[in-house]
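Visitor:
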Amino acid sequence: MTNLLKTQNMKRLILLFIALFTINLVYAQQQKAPLVNYKIEAKSNSLFTNQNNSSSLTQPAPLWSDDCSDPATWNFTNSSLPPLDWNWTTNTDVSSQMVTGLPASLETFNSTTASNGYMIINSDAAPGNQDQNGTPIIAEFTNTQPIDLTGYQNVQLTFQHSFRWWNDTRGVRVSGDNGLTWTDFEISNATTYNTPNQNSDNPHISTYNISSIAGNQSQVLVQFYYDDNDYWGWYWTVDDVVIEEVPDNGLECTDETFGGWWVGYQSLGDVGIDYTLYPMAQATANPYRMEAVVSNIGVNTQNNVTLHVDVEEPNGNINSYMSSPSNLVGAPNPMNDTTATTADFSPSSMGVHNFTFWATSDSFPTTDTMVMSSIVTDTVFGVDYDWDGTGTNLGGGYYLGRTCGGQVLANVFDIYENTQLTSISFHVSASSVVGAKVTVEVYEADGQIYLEESDEYTLQVQDIDSWVTVPLLSPYPLFAGTGYMAAVRGTQHPTDTSLISATSNVNTSSYIQDNGCDIGSQGFGYWYTASDALAIRMNFGNVSSVNQEMSSRLSVYPNPCNGIFTIENNNEEDINFSIRNVLGQITFRGKINSTSNSKVDLSNLNSGIYTIEYDVENRLSNQKLVIE
151 MTNLLKTQNM KRLILLFIAL FTINLVYAQQ QKAPLVNYKI EAKSNSLFTN
201 QNNSSSLTQP APLWSDDCSD PATWNFTNSS LPPLDWNWTT NTDVSSQMVT
251 GLPASLETFN STTASNGYMI INSDAAPGNQ DQNGTPIIAE FTNTQPIDLT
301 GYQNVQLTFQ HSFRWWNDTR GVRVSGDNGL TWTDFEISNA TTYNTPNQNS
351 DNPHISTYNI SSIAGNQSQV LVQFYYDDND YWGWYWTVDD VVIEEVPDNG
401 LECTDETFGG WWVGYQSLGD VGIDYTLYPM AQATANPYRM EAVVSNIGVN
451 TQNNVTLHVD VEEPNGNINS YMSSPSNLVG APNPMNDTTA TTADFSPSSM
501 GVHNFTFWAT SDSFPTTDTM VMSSIVTDTV FGVDYDWDGT GTNLGGGYYL
551 GRTCGGQVLA NVFDIYENTQ LTSISFHVSA SSVVGAKVTV EVYEADGQIY
601 LEESDEYTLQ VQDIDSWVTV PLLSPYPLFA GTGYMAAVRG TQHPTDTSLI
651 SATSNVNTSS YIQDNGCDIG SQGFGYWYTA SDALAIRMNF GNVSSVNQEM
701 SSRLSVYPNP CNGIFTIENN NEEDINFSIR NVLGQITFRG KINSTSNSKV
751 DLSNLNSGIY TIEYDVENRL SNQKLVIE
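Residue numbers (the numbering used here): 151 to 778.
#1: Between S265, T223, N359, which lies nearest to T294 when the distance is taken from Cα to Cα?
#2: Classify N359 as helix, strand or coil using the three-state DSSP reduction.
#3: Who does P429 pair with in a DSSP beta bridge?
#4: Report the rounded CA-to-CA distance for V732 versus P625, giving the unit in angstroms.
#5: Look at the alpha carbon of E402 and the alpha carbon of S499, and state the distance between them as a whole number of angstroms.
#6: How big is the Cα-Cα spacing for E591 and N665?
#7: Could you please give the first and the last residue of the uninterrupted beta strand (DSSP E) stretch that includes C403?
#8: Need the endpoints of the beta strand (DSSP E) that Q306 sits in, please.
#9: By a C-beta neighbour count over all protein chains shown, 10 Å radius and 16 as the cutoff for buried, is Q280 buried or exposed?
#10: Flag this pair as touching only if the region 457-471 and the region 506-518 have three or more C-beta atom pairs under 8 angstroms; answer yes or no.
#11: Leaving out the 5 sequence neighbours to the left and right, which residues in its chain are closer than 8 angstroms to D512 when beta-carbon positions are compared?
#12: Please report how far the alpha carbon of T434 lies from the alpha carbon of P497, in whole angstroms.
#13: Beta strand (DSSP E) containing E395: first to last residue?
#14: If S651 and L544 are in contact, beta carbons under 8 angstroms, what's the gap, nearest whole angstrom?
#15: Is T319 near N379, with beta carbons less than 8 angstroms apart?
#16: Given this structure, state the Cα-to-Cα distance separating Y607 from Q557, to the nearest angstrom.
#17: Can you tell me whether G546 is buried or exposed, with buried defined as 16 or more other CB within 10 angstroms of its CB?
#18: For S659, which three-state DSSP category applies?
#19: So who's on the other strand from E594, going by DSSP bridges?
#20: Distance, Cα to Cα, S581 vs C554?
#21: If we count the other Cβ atoms within 10 Å of its Cβ and call it buried at 16 or more, is Q773 buried or exposed?
#22: In this structure, how does DSSP classify P221 when only helix, strand and coil are distinguished?
#23: Determine the DSSP secondary structure at Y376, reduced to helix, strand or coil.
#24: In angstroms, rounded to a whole number, what distance separates the CA positions of D327 and V502?
#25: Note down the Cα distance separating I614 from V533, rounded to an integer number of angstroms.
#26: Distance, Cα to Cα, R639 vs A680?
#27: What's the C-alpha gap between L427 and D538?
#28: Run the CB neighbour count on D682, radius 10 Å, all protein chains shown included, and call it buried at 16 or more, exposed below.
#29: Looking only at C-alpha atoms, which of R730, T745, S744 sits nearest to F738?
#30: Could you give the residue range of the beta strand (DSSP E) that holds I271?
#31: Are I565 and T632 touching if we call contact CB-CB under 8 angstroms?
#32: Measure the C-alpha to C-alpha separation of L752 and E723 and round it to an integer number of angstroms.
#33: Would you mind working out which of T647, P484, T258 sits nearest V388, comparing C-alpha positions?
#34: Report the option in E603, I762, A586, S705 whose CA atom is closest to the CA atom of T647.
#35: If you scan the region 460-492 from start to end, which runs of the alpha helix (DSSP H) of 4 or more residues do you find wholly inside it?
#36: So is the beta-carbon of L571 under 7 angstroms away from any non-hydrogen atom of the ligand COA?
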């Protein structure tokens, strides 16, 4: 792989309905740019996820299983030039088998029996000068001995795997007649699986009802197939393949969300944007809408299937919600239902709110629970998980400053109550360098109508791996019923080391603007979907502009501290200051006289990250404060 060059040819039309606007976003991938110049991968987080399935049932003993400990039980085929085969390995470190690095969450394959062997195909290992040659990489592996399922009519196939999708196709196919005919169960392809560069769960557990194909058949074959579509893709791992009887009764609860994207619901039925930090005024005007997909994964019809959601408030009170009941037919043609609770949740206090999802039926008492969380704030609007301000739950990032030109990164926020946007916060990746120049900007949701910006801001030493807040030139009014982009613009940088951190929230809308860096074929100024949620936030308040010169003459020590610290003011004017917590709440107000020091005692506050805001005649600067 010369200079890690990857070519890409992605074409995907996405209709994005936000507020009163309709956006046609066309994905196109041509040259897969050097990956180090495009994106640094984000790691997963453990605080909040809606990727895992929530199910609960007692499974009968497997009818057939293969833990991939012996590659001789599988037959490997390949029809590509150059050949790139599935490999059997006991090395659970997936990243060691990659030409380019992987997110931390995927460095180790976490299947149940990965240590005794599993299968992997790595398109990334194909030489770049031999791939994209008109012949795609196509490879399969199939069980060598047919499986006898005589006497078992209702059966399902389950396996564990992990992958990173680029522009490739992967799936499993099943034959009940020893390979004469096949039925495909596609996992991903170039047009239907989320967004490019998307990571799977680790492991991702897939289950397919194969009763109509393999039920009561004596010569069953299972084949895993991979096709890179003549693109330089990523990889796929497979392990622990099982065929078992479909249980009599079973439910599964997936795709949980508490989002509230009104246009999506009204026009497309899409899931809402999950705001992990939600200002109280917005949450009151547009309460949390709780929704999930409930599936019958058993044989029997499930009657009175109901989605349940408990919302735990910061004071410990629990509010319970349910959906209207429905009936779901089971195997061989199982049904699912996308359902929401009959009432939405309107918060009454700020702080962490935990949403617990599960499903029940008359025959099935409960699925396993899935817990998701959101913080109701005073002034902060966000889609990331960095609730304590430490950056612990952020990883990797997207480039702002690049050798090919400055990128623009943005999150879309729907506004439900009139407010005033005063500043935009963003988390600077640890991979960034001091001296990079950025500007925050505001657009209407389609990204085509520019509204407001800030002065240019230069990253300082203390900004690296930290949150930075940059005020707009003047406060900008935001109106209910409209969507807006909160954006950060970078300038061209010779070393490609100016980045915004990211997190793995799935139900969000994050975008990259192509400013000449060949991330898409639509050209300069087009917006493309980012596969991870950007650490970019809106802040509401009453600040008008930034004054970096003033900020440079203010210092805090010690920092980190135990809650007791000194602010040194070397300016020729008195300065008012306030201290905010991660919710945007003001926890302390004070004043520092000109050319003097002021000792502050905040030892009564909890440990965490705080922001000191210095304000002189509506000029504002910000500084991070760490209380240990």
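For every residue, glycine included, the Cβ atom is placed at its ideal position computed from N, Cα and C.
Guide: This is what the structure holds:
#1: As a first step, residue 294 is located in the sequence shown; it is residue number 144 there, counting from the start. With distances taken between Cα atoms, T294 lies closest to T223.
#2: Here the question's residue 359 lines up with position 209 in the sequence shown. In the structure shown, N359 adopts extended strand secondary structure according to DSSP, grouped into three states.
#3: The residue given as residue 429 occupies position 279 in the sequence shown. DSSP, once it has assigned bridges, lists T527 as partnering P429.
#4: Here residue 732 corresponds to residue number 582 of the sequence shown, with the count starting at 1. Here residue 625 corresponds to residue number 475 of the sequence shown, with the count starting at 1. The alpha-carbon atoms of V732 and P625 are separated by roughly 21 angstroms.
#5: Here residue 402 refers to the residue found at position 252 when the sequence shown is read from its first residue. Here residue 499 refers to the residue found at position 349 when the sequence shown is read from its first residue. Across the structure, E402 and S499 are spaced so that their CA atoms are roughly 32 angstroms apart.
#6: Working through the sequence shown from its first residue, we reach residue 591 at position 441. Working through the sequence shown from its first residue, we reach residue 665 at position 515. Using only the alpha carbons, I get a separation of about 15 angstroms.
#7: What you label residue 403 is simply residue 253 of the sequence shown in a count that begins at 1. 401-407 is the span of the beta strand (DSSP E), which, as asked, contains C403.
#8: Translated into the one-based positions of the sequence shown, residue 306 becomes position 156. Start and end: 305-315.
#9: Indexing the sequence shown from 1 puts residue 280 at position 130. Low confidence applies to Q280: its pLDDT is 49, below 50, so where it sits in the model is not reliable enough to give any reading.
#10: Judged by Cβ distances under 8 angstroms, the region 457-471 makes contact with the region 506-518, as three or more pairs qualify.
#11: Your numbering for residue 512 matches position 362 in the sequence shown. Within the same chain, D512 has close Cβ partners Q452, N453, N454.
#12: Position 284 of the sequence shown, counted from the start, is the residue given in the question as residue 434. Position 347 of the sequence shown, counted from the start, is the residue given in the question as residue 497. Going from the Cα of T434 to the Cα of P497 covers about 7 angstroms.
#13: To locate residue 395, count along the sequence shown from 1; it is residue 245. Counting along the chain, the beta strand (DSSP E) containing E395 begins and ends at 385-395.
#14: Residue mapping note: residue 651 aligns to position 501 of the sequence shown, counting from 1. Residue mapping note: residue 544 aligns to position 394 of the sequence shown, counting from 1. About 4 angstroms; that satisfies the 8 angstroms criterion.
#15: As a first step, residue 319 must be located in the sequence shown, where it is residue number 169. As a first step, residue 379 must be located in the sequence shown, where it is residue number 229. Cβ distance < 8 angstroms, so T319 and N379 count as in contact.
#16: In the sequence shown, counting from the first residue as 1, residue 607 sits at position 457. In the sequence shown, counting from the first residue as 1, residue 557 sits at position 407. Linking Y607 to Q557 through their CA atoms gives a straight-line distance of about 15 angstroms.
#17: Within the sequence shown, numbered from 1, the residue matching residue 546 stands at position 396. With 16 or more other Cβ atoms from the protein chains shown falling within 10 Å of its own Cβ, G546 counts as buried.
#18: The count along the sequence shown starts at 1 and reaches residue 659 at position 509. It is coil, neither helix nor strand.
#19: Residue numbering aside, residue 594 sits at position 444 when the sequence shown is read from its first letter. For E594, which the question treats as bridged, DSSP gives the partners Y634.
#20: The residue labelled residue 581 in the question sits at position 431 within the sequence shown. The residue labelled residue 554 in the question sits at position 404 within the sequence shown. Those two C-alpha atoms are separated by around 18 angstroms.
#21: Indexing the sequence shown from 1 puts residue 773 at position 623. With 16 or more other CB atoms across the displayed protein chains lying within 10 angstroms of its CB, Q773 is buried.
#22: Working through the sequence shown from its first residue, we reach residue 221 at position 71. Collapsing the DSSP output to three states places P221 in a helix.
#23: Along the sequence shown, read from residue 1 onward, the residue named residue 376 stands at position 226. DSSP places Y376 in strand when its eight states are reduced to three.
#24: Working through the sequence shown from its first residue, we reach residue 327 at position 177. Working through the sequence shown from its first residue, we reach residue 502 at position 352. Cα to Cα, the separation comes out at about 55 angstroms.
#25: Here residue 614 corresponds to residue number 464 of the sequence shown, with the count starting at 1. Here residue 533 corresponds to residue number 383 of the sequence shown, with the count starting at 1. For I614 and V533, the distance between alpha carbons rounds to 21 angstroms.
#26: The count along the sequence shown starts at 1 and reaches residue 639 at position 489. The count along the sequence shown starts at 1 and reaches residue 680 at position 530. The straight-line gap separating the alpha-carbon atoms of R639 and A680 is approximately 15 angstroms.
#27: By one-based count along the sequence shown, residue 427 stands at place 277. By one-based count along the sequence shown, residue 538 stands at place 388. Going by the C-alpha atoms only, they are around 11 angstroms apart.
#28: Taking the sequence shown and counting its residues from 1, one reaches residue 682 at position 532. It counts as buried.
#29: If you number the sequence shown from 1, residue 738 lands on position 588. Taking each of R730, T745, S744 in turn and checking the Cα distance to F738, the smallest one comes out for R730.
#30: Taking the first residue of the sequence shown as 1, we reach residue 271 at position 121. Annotation: the continuous beta strand (DSSP E) that includes I271 extends over 268-272.
#31: Residue mapping note: residue 565 aligns to position 415 of the sequence shown, counting from 1. Residue mapping note: residue 632 aligns to position 482 of the sequence shown, counting from 1. Yes.
#32: By 1-based counting over the sequence shown, the position of residue 752 is 602. By 1-based counting over the sequence shown, the position of residue 723 is 573. For L752 and E723, the distance between alpha carbons rounds to 24 angstroms.
#33: Position 238 of the sequence shown, counted from the start, is the residue given in the question as residue 388. Distance check between V388 and each of T647, P484, T258 places T258 closest, using alpha-carbon atoms only.
#34: As a working mapping, residue 647 is identified with position 497 in the sequence shown. The alpha carbon of T647 has as its nearest neighbour, out of E603, I762, A586, S705, the alpha carbon of A586.
#35: Contiguous alpha helix (DSSP H) elements confined to the region 460-492 do not occur, taking only those with 4 or more residues.
#36: Absent from the structure shown: the ligand COA. Ligands present: none.
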